[in-house]
Amino acid sequence: MRNLTLLTDLYQLTMGQGYFAEGKHEQLAAFDIFFRPNKLITYSVAAGFDQAAEYLENLSFTDDDIAYLRSLGIFREDFLAYLRKLRFTGDVVSVKEGEIVFPYEPILTVKAPMIQAQLVETALLTFVNHQTLIASKAAKICAQAGGGVMEFGLRRAQGADAGIYGARAAIIGGCVGTSNVLAGKMFSVPVSGTMAHSWVMNFPTELEAFRAYARSFPENCLLLVDTYDTLKSGVPNAIRVFKELRESGYEPKGIRLDSGDLAYLSKEARKMLDEAGFPKAIICASGDLDEYSVRSLKEQGAKIDSWGIGTKLITSADMPALGGVYKLCAVFEDGKEIPKIKLSDTTEKITNPGMKEVWRLYDRETGKAVADLITREGETIDAPLEIFHPVETWKRMTLTDFSVRKLREPLIKGGKRVRSSLPLKEIHAYFAAEYGRFWEEYTRLDVPHIYKVDLSEQLHALKSEMVRMHGKGE
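Just add 5 to the spot in the sequence shown (first one is 1) and you have my numbering.
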């Protein structure tokens, strides 16, 4: 892995020097990563922790890094000498990749010496914000498609890393493969792709282009049929080549539509393929699709078997940033926790103080998720349990017959990874299983029911007291 230690904002290092000068650099501190509500967030799919763990395990300043920092003319030599020996020695707890998560929940917490915990903020947010965003977008697209979605976005991604790790996140969210060959190699996932319009245009006729492709790939012949006229030439020429393939002992894979009225064209193409004796030939659609256009095409009865989704997936076009934040929640003196809180005139920006746990409550009869509960670390959950809205506290309900699951577990202890990296196939399978434990009302695209994320009595009391105390300037 590349050395990404300098993948940070300058103020992390200037604060680091300040902590060093004040003798606070080795004080234990804890920071939470969470994200705030957004009108487009119905749920999110946690991702990026594998890269976060790799980054933390390999954190170290090289001689070149130190030389560059020295050249800035703002850092002391004793601080630079300290950085040269710095390694991450802290602990990290997080949800699993593929976990369904909601606003305000601490999905990852770093507990480490202050200078380490502060330094890693920017990189951790980079990994988690981006991949969680793309995994969530993929999940929504795949839910509407019902399967068969390929990630086709590399050329439209905001840079190479966004394309590579966006493809990884898309697989977690449900895509069955990617067009990105490097991502396929790095993450051992299926790759897919056939031809571009330029292939067809490079031959004297469309028919010759199709025949040439079939000669090269007789066992995987999927033809792009919209270069000239989809129904008058593209599909008829594809059928002609498919018949020639069959005579040679091969069965065609299908056709791809990349433009035009995909609902109409797919239905007409399906009729033509079926009448020609190719009912098993698939129809793949691509062309600036997202979850809403996929849903619309399905509602129109489009005969599409697989989907190539590019720009709007890899960029999460309607919400290009998750908005996750990294906030100090506690410091420690002589082993004692001192909770910390950030206040704001905006209620939604007031943080939840102290070390916490996140629990998911399931109705025992249906097995469906009922609510998530954020508690103080060390709390236990017993029935009957009254939960309430963290702001509109008069909204309450009592649970009696439920099961409970702790969402977070150790990722790193003492600077060393303790949770192994899993194949993306397993991560997606975990997501899919958990997705099935939520009522459709929480995951639907339009006007979803807001899933309950509440605070325990103890955490709510601590937060209220700290708001009162700091509000008076104490």
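Backbone N, C-alpha and C fix where the C-beta goes; we use that ideal spot for every residue, glycine too.
Each residue's CA atom was taken as its position, placing S264 and L467 some 57 Å apart. Here K332 is bridged, per DSSP, to D37. Boundaries around G313 are those of the beta strand (DSSP E), 311–314, since no alpha helix (DSSP H) includes it. Assigned with DSSP and collapsed to three states, L12 falls in coil, not helix or strand. Take the alpha-carbon of K308 and the one of Y440: they are about 26 Å apart. Cβ contact annotation for T94 (same chain, cutoff 8 Å, sequence separation greater than five): A117, P118, Q121, G419, G420, in chain order.
Beta-bridge annotation (DSSP): S291 is paired with G313.
Residue pairing from DSSP places D459 in a beta bridge opposite L378.
Take the alpha-carbon of D459 and the one of A268: they are about 43 Å apart. In this structure G164 is not in contact with S184, their Cβ atoms being roughly 16 Å apart against a cut-off of 8 Å.
Proximity of the stretch 284–301 to the stretch 144–164 meets the contact definition, three or more beta-carbon pairs being nearer than 8 Å. Taking the Cβ atoms as the reference, L12 lies roughly 7 Å from T131, within the contact range of under 8 Å. The DSSP-derived three-state label of S426 is coil. Where V98 is concerned, the enclosing beta strand (DSSP E) starts and stops at 96–100.
Taking all protein chains shown into account, K44 has fewer than 16 neighbouring C-beta atoms within 10 Å of its C-beta and is therefore exposed. Going by DSSP, E156 is part of the beta strand (DSSP E) stretching over 154–156.
Assignment of S49 by DSSP, reduced to helix, strand and coil, places it in the strand class. C-alpha of S49 to C-alpha of V330: approximately 15 Å in a straight line.
A distance below 7 Å between beta-carbons, with the five flanking residues on each side excluded, links N225 to the following residues of its chain, in chain order: K258. The alpha carbon of E304 has as its nearest neighbour, out of F393, A140, K272, R424, the alpha carbon of K272. L77 is classed as exposed because its beta carbon has fewer than 16 other beta carbons within 10 Å across all chains shown. By the criterion of a C-beta distance shorter than 7 Å, E446 is surrounded in its chain by P453, H454, once the five residues flanking it on both sides are discounted.
By the Cβ criterion, the stretch 427–437 is not in contact with the stretch 314–333, since fewer than three pairs of Cβ atoms, one from each stretch, lie closer than 8 Å. Under the DSSP assignment, D69 falls in the alpha helix (DSSP H) whose first and last residues are 68–76.
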